[in-house]
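Protein chains in written order, with the working numbering: chain P, 1 to 252; chain Z, 1 to 223.
Ideal Cβ placement from N, Cα and C applies to all residues, glycine included.
Everything below concerns the one structure shown next.
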Amino acid sequence: MNAKVQLENLNVHFGKAHAVKGASMEFPENSVTAIIGPSGCGKSTVLRSINRMHDLTPGAQVTGKIVLDGRDIYEKGCDPVAIRRRIGMVFQKPNPFPAMSIYDNVIAGYKLNGRVKRAEADEIVESSLRRVALWDEVKDRLKSAATNLSGGQQQRLCIARTVAVKPEVILMDEPCSALDPIATLKIEELIEELKEQYTVIIVTHNMQQAARVSDTTAFFYLGELVEYGDTKKLFTNPEQKQTEDYITGRFG
Amino acid sequence: MEREHFSKQYDVELTDIRARLLEMGGKVEMMIASAIKSLVERDSSLADWTIKFDHEINTLEMEIDEKCMEVIARRQPAGRDLRFLTLAFKIVTDLERIGDQCTNIAKRAKELNDEPPLKPFIDMPRMAAIAGGMVKEALDAFVRGDDQLAVKVCTDDQLVDELNEQIQRELLSFMIEDPHTISRAININYISKCFERIADHATNVAEMVIFMVKGKDIRHTIA
């Protein structure tokens, strides 16, 4: 499979702290890659590096390459805003814009591209909401406040907002950790569908979730990429003892 | 030494399953020993004991299956725990079948004990000893995670196969010489086949141990 995103000797420092230590790996196109590891292992840092979210963090320094379709997104002249349009992000807690309606939330990101015709906006809102299986639940109250939705619906709304911009890669940082099990399963179902069109990279604390949704899994520990490979293999018969200890709940 | 789980209870559950499997293995070995003894020493009451004892093996099979299922439901095991539990499920089935084979042997032994002996048993006890040893070693290999010992079990299977063939040839010559021996020879032949099957079950267990230790499936690869 084609590598959509590649890390080449990625190092991230926050001041003196070396958060990611020379990670090199590939994220295959149209598939789901999960990044797992204990707290502080650098998994979220890796994810955030992929759409240049550390650019404004004081003291943060990213070295090495992150290659998107053959081009380093950290090279000079590469516009972070343009990058983020191609690489969308969904966060841990659903974060709809509180003062906006459901409709306005979905189209908010797309509108940043310039003026949008009403018919075009309608179409984008509907297709995005359908994409995340939210359309039937909200089509009669598109003008009501997004904050009236349940947590799971809000998260799907945020994914719809990301999808509306027509990105190529979707980054998800613990997208289900604030959701109940049913809402979680709906998001997982959605992730499975999203990969047909997008390259999905998900960071999760929940190992069973990684096992359920991903095609490949990367295990990070103390800033190092310990093991990376086929999810089935990694959860049944990993190469590294450290990985085995972690997935079996023996890490200490 | 193997690291412990964060959850001590999880360790307790896995240790319990391991202990019960060993208990089942020990009981199966006893059945093999009593089955061959009931034949060689023409002891029909021992044969009866063997047949009745199979009930304990069946009970253990159900208990271990249930415990494995419970751990899977509660813990969603992964990695070596998952391989261990998958293996436990299968080992239990093989051990239970060995118990059934011992019952079959004991039933035929009873029939044979009611008739005059056809010949002294020489190869059969050897076969039983090797097959019984294979069961023991397969379980030892399982407990210790010893893939070398498991490989030995797989190769020992050939010795049992050879003895089985030898017994069959010998019985054939008896039957050709004197048709009055046929019914007894058929029973003996059947018993020989049972020991050969027991060795096959031990080999299955050994192959699975290799899988558990190495994560490599060698089934259907060793001739």
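Item                                                                                                                          : Value
PRO181/P in three-state terms, based on DSSP                                                                                  : helix
Beta-carbon contacts of GLN61/P that lie in its chain and below 6 Å, excluding the five residues immediately before and after : HIS13
7 Å Cβ cut-off: residues of chain P touching ASP81/Z                                                                          : THR248
Buried or exposed by the 16-neighbour rule on C-beta atoms within 10 Å, applied to CYS78/P                                    : exposed
Opposing strand residues paired with ASN11/P [DSSP bridges]                                                                   : THR63/P
Chain P contact for GLY145/Z (CB, 9 Å cutoff)                                                                                 : no
Alpha helix (DSSP H) runs wholly inside the stretch 49-131 of chain Z, at least 4 long, in chain order                        : 79-113
ILE170/P - partner residues in DSSP beta bridges                                                                              : GLY88/P and VAL200/P
Cβ contact (3+ pairs, closer than 8 Å) linking the stretch 54-71 of chain P and the stretch 150-160 of chain P                : no
Simplified DSSP assignment, three categories, for GLY155/P                                                                    : The residue you asked about is not Gly; residue 155/P is Gln in the sequence shown. It is helical.
Three-pair Cβ contact test at 8 Å for the stretch 170-188 of chain Z versus the stretch 18-26 of chain Z                      : no
Three-state secondary structure (DSSP) of ILE247/P                                                                            : helix
CB contact check: GLU196/Z to chain P, cutoff 9 Å                                                                             : no
CA nearest to the CA of TYR248/P, picked from GLY229/P, ALA211/P and PRO96/P                                                  : Checking the sequence shown, residue 248/P turns out to be Thr, not Tyr. The residue with the shortest Cα to Cα distance from THR248/P is ALA211/P.
Where the stretch 168-185 of chain P meets chain Z: residues whose CB sits under 7 Å from a CB there                          : none
Exposure of MET1/P, with buried meaning 16 or more beta-carbon neighbours within 10 Å                                         : exposed
LEU149/P - containing beta strand (DSSP E), residue span                                                                      : Segment: none, LEU149/P is in no beta strand (DSSP E) and carries neither H nor E.
Opposing strand residues paired with PHE6/Z [DSSP bridges]                                                                    : DSSP, once it has assigned bridges, lists no residue as partnering PHE6/Z.
Minimum Cβ-Cβ distance from THR243/P to chain Z less than 9 Å                                                                 : yes
Residues of the stretch 8-25 of chain Z whose Cβ lies closer than 8 Å to any Cβ of chain P, in chain order                    : TYR10
Local Cβ density within 10 Å of PRO94/P, reported as buried at 16 or more and exposed below that                              : buried
Test: ASN204/Z CB closer than 9 Å to a CB of chain P                                                                          : no
Closer than 9 Å to chain P by CB, PHE6/Z                                                                                      : yes
Proximity test, Cβ basis, 9 Å: ALA211/P and chain Z                                                                           : yes
Straight-line gap, ALA138/Z to ASP217/Z (C-alpha atoms, nearest Å)                                                            : 16 Å
Reduced DSSP category for VAL163/P - H, G, I as helix; E, B as strand; rest coil                                              : helix
Identity of the residue in ILE167/Z, ALA150/Z and LEU163/Z nearest VAL213/Z by Cα                                             : ALA150/Z
Cβ contact (3+ pairs, closer than 8 Å) linking the stretch 5-17 of chain Z and the stretch 33-48 of chain Z                   : no
TYR74/P: first and last residue of the uninterrupted alpha helix (DSSP H) it sits in                                          : No alpha helix (DSSP H) contains TYR74/P, which DSSP labels as neither H nor E.
Positions along the stretch 189-207 of chain P whose CB lies within less than 8 Å of some CB in chain Z                       : MET207
contact_flag[the stretch 84-99 of chain P, the stretch 160-169 of chain P] where n(CB pairs < 8 Å) is 3 or more               : yes
Three-state class that DSSP yields for MET25/P in the structure shown                                                         : strand
Where the beta strand (DSSP E) containing GLY229/P begins and where it ends                                                   : 224-230
Nearest candidate by alpha-carbon position, reference PHE91/P, set ARG48/P, ASN30/P and ARG141/P                              : ARG48/P
Closest residue to GLN101/Z among GLU207/Z, ARG219/Z, ALA199/Z and VAL209/Z (Cα-Cα distance)                                  : ALA199/Z
Residues within the stretch 213-241 of chain P neighbouring chain Z, beta-carbon criterion of under 7 Å                       : PHE235, THR236, ASN237 and PRO238
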